[in-house]
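Residue numbers (the working numbering): 25 to 355.
Written out below as structure tokens is the structure these notes cover.
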Ligand SMILES: [Mn+2]
């Protein structure tokens, strides 16, 4: 195991040991990685130091991740002041779900997104890691003599590794990823139960997927997009979160280097969520031009009209076409 940021990790470990009150934060629009990292960290710290107060400050709910325990609460402001805040899986301060995290006496950022806002007093960022849960597993492995982790805690970290890496398929999955996943499995993770929780879908969702395949469209350069308005979500009984999961359905279309899912949300301001995925062509720059950001090949943004959605699609399609003009290695 390589610990490229051993000194930063040592500093984080020292601070965690020092504080009696630790508050964990994550990003809005929760996913398996940020829930797994916060729940796993909470579990690990409570097992190791039962006398410490360890809490997650976040009041979001998620139907899909309810099985992982989403009963988040908001920690009162005055209690943040004496606490160590640890923000997991969140690249910039605007994306932290509880905006008051900077009220903590000290803040630690642990993340694997492209660094653009080092908001922590201590920042541990490794962009090559396939998930922040992988970093949590690295952290545990470095201090495994002192830290305690059981099958439940290991299961949370494993969940984030599985979901953020597309079951260990996406770029970023390397030897370390699998060694760390193996270490977690050795602690007794119930993978059968986890996969049932993650991948079983009601019948209406499968029907919705069939609709997506029927209605996705390819632009001349090869960029594929699906546009999901509120009517379609209502027809299949899906919230914006469940509807957005379909971006992964379009990942294996030959000649399609960027694929996009537009999902109308319930927001009053007409917010349309965009999920961008790509191979060979980086899409994070495109995402940041459209009020978002993320990883090189998986990012998100926001548009406010169909017209903007079409413009983003055209821009992405031009990037596909340009890549094809200048490379021969695409598939
Ligand atoms: Mn992540």
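All C-beta atoms, glycine included, are put in the ideal place defined by N, C-alpha and C.
Q: Compute the minimum distance between the beta carbon of residue 86 and the heavy atoms of ligand 1, and state whether it is under 7 angstroms.
A: Result no, Cβ not under 7 angstroms from ligand 1.
Q.
Is residue 146 close to ligand 1? I mean its beta-carbon at under 7 angstroms from any heavy atom of the ligand.
A. Outside the cutoff, so no.
Q. Can you name, in chain order, every residue of its own chain whose Cβ lies under 8 angstroms from the Cβ of residue 120, other than the five neighbours on each side?
A. Answer for residue 120: 49, 50, 51, 52, 111, 114, listed in chain order.
Q.
For residue 73, report the span of its alpha helix (DSSP H) as first-last.
A. Taken as a continuous stretch (DSSP letters only), residue 73 belongs to no alpha helix (DSSP H), as it is neither H nor E.
Q) Using the rule of at least 16 other Cβ atoms within 10 Å of the residue's Cβ for burial, across every protein chain shown, is residue 202 buried or exposed? A) Burial call: exposed.
Q. The beta strand (DSSP E) spanning residue 29 covers which residue range?
A. Unbroken run through residue 29: none, as it is neither H nor E.
**Q.** Cβ neighbours of residue 61 in the same chain (closer than 6 angstroms, five flanking residues each side left out)
**A.** Within the same chain, residue 61 has close Cβ partners 112, 113, 156, 157, 160, 184.
Q. Hey, residue 88 and residue 295 are a contact pair by Cβ (cut 8 angstroms); roughly how many whole angstroms apart?
A. Beta-carbon to beta-carbon, residue 88 and residue 295 are separated by about 20 angstroms, too far to satisfy the 8 angstroms threshold.
Q. Given residue 166, which residues of its chain have a CB within under 7 angstroms of its CB, disregarding the five upstream and five downstream residues?
A. Correct list, in chain order: 27, 33.
Q: Might you give, ordered along the chain, the residues of its own chain that have their beta carbon closer than 6 angstroms to the beta carbon of residue 286, omitting 5 neighbours on each side?
A: Close CB contacts of residue 286 within its chain, under the 6 angstroms cut and outside five residues either way in sequence, are with 251, 296, 298, 333 (chain order).
Q.
Taking the straight line between their C-alpha atoms, what separation do you get for residue 107 and residue 40?
A. Residue 107 and residue 40 have their alpha carbons spaced roughly 10 angstroms apart.
Q | Buried/exposed call for residue 277, threshold 16 Cβ in 10 Å | A | Residue burial is scored here from C-beta neighbours: residue 277 has fewer than 16 other C-beta atoms within 10 angstroms and is therefore classed as exposed.
**Q.** Other residues of its chain near residue 144: CB distance less than 6 angstroms, five sequence neighbours each side excluded
**A.** Same-chain partners within the cutoff: 131, 132, 133.
(Q) Can you look up residue 49 in the DSSP assignment and give me helix, strand or coil? (A) Residue 49: strand per DSSP, three-state reduction.
Q. Rounded to a whole number of angstroms, what is the C-alpha to C-alpha distance between residue 323 and residue 64?
A. Each residue's alpha carbon lies about 24 angstroms from the other.
Q: Can you grab the Cα-Cα spacing for the pair residue 300 / residue 96, in whole Å?
A: If I take the Cα positions, the gap works out to 28 angstroms.
Q.
When you measure from the CB of residue 155 to every non-hydrogen atom of ligand 1, does any distance come out below 7 angstroms?
A. Yes, Cβ of residue 155 sits closer than 7 angstroms to a heavy atom of ligand 1.
Q | 8 angstroms Cβ shell around residue 261 - same chain, five flanking residues per side excluded | A | Cβ neighbours of residue 261 within its own chain (closer than 8 angstroms, five residues either side excluded): 228.
Q | Straight-line Cα distance separating residue 234 from residue 289 | A | Pairing residue 289 with residue 234, the inter-Cα distance amounts to about 21 angstroms.
**Q.** Selection from 30, 194, 103, 31 that minimises the alpha carbon distance to residue 43
**A.** For residue 43, the nearest C-alpha among the options comes from 103.
Q.
Could you give the first and the last residue of the continuous beta strand (DSSP E) run that contains residue 170?
A. Neither: residue 170 is in no beta strand (DSSP E) and is coded neither H nor E.
Q. Shortest alpha-carbon distance to residue 70 belongs to which of 177, 304, 268, 182?
A. Cα-wise, what sits closest to residue 70 is 177.
Q.
Judging by CA-CA distance, which residue of 117, 124, 122 is the nearest neighbour of residue 142?
A. Checking every option, the nearest Cα to that of residue 142 belongs to 117.
Q: Mind listing, in chain order, the continuous alpha helix (DSSP H) runs of no fewer than 4 residues lying wholly within the segment 285-354?
A: Runs of the alpha helix (DSSP H) inside the segment 285-354: 308-313, 330-350.
**Q.** Span separating the alpha-carbon of residue 54 from that of residue 84
**A.** Just so you know, the alpha carbons of residue 54 and residue 84 end up roughly 8 angstroms apart.
Q. Under 7 angstroms from any heavy atom of ligand 1, does the C-beta of residue 351 make it?
A. Not a single heavy atom of ligand 1 lies less than 7 angstroms from the C-beta of residue 351.
Q) Whose C-alpha, out of 238, 168, 218, 222, is nearest the C-alpha of residue 204? A) With distances taken between Cα atoms, residue 204 lies closest to 168.
Q) CB residue 57 to CB residue 215, shorter than 8 angstroms? A) No, Cβ-Cβ distance for residue 57 and residue 215 is not below 8 angstroms.
Q: With DSSP as the reference, label residue 150 as helix, strand or coil.
A: DSSP places residue 150 in coil when its eight states are reduced to three.
Q | C-beta contact flag for residue 280 and residue 337 at 8 angstroms | A | Between residue 280 and residue 337, the CB-CB gap reaches or exceeds 8 angstroms.
Q. Cβ of residue 81 within 8 angstroms of Cβ of residue 99?
A. A contact, by the Cβ cut-off of 8 angstroms.
Q. Would you call the CB atoms of residue 151 and residue 138 closer than 8 angstroms?
A. Yes, Cβ-Cβ distance for residue 151 and residue 138 is below 8 angstroms.
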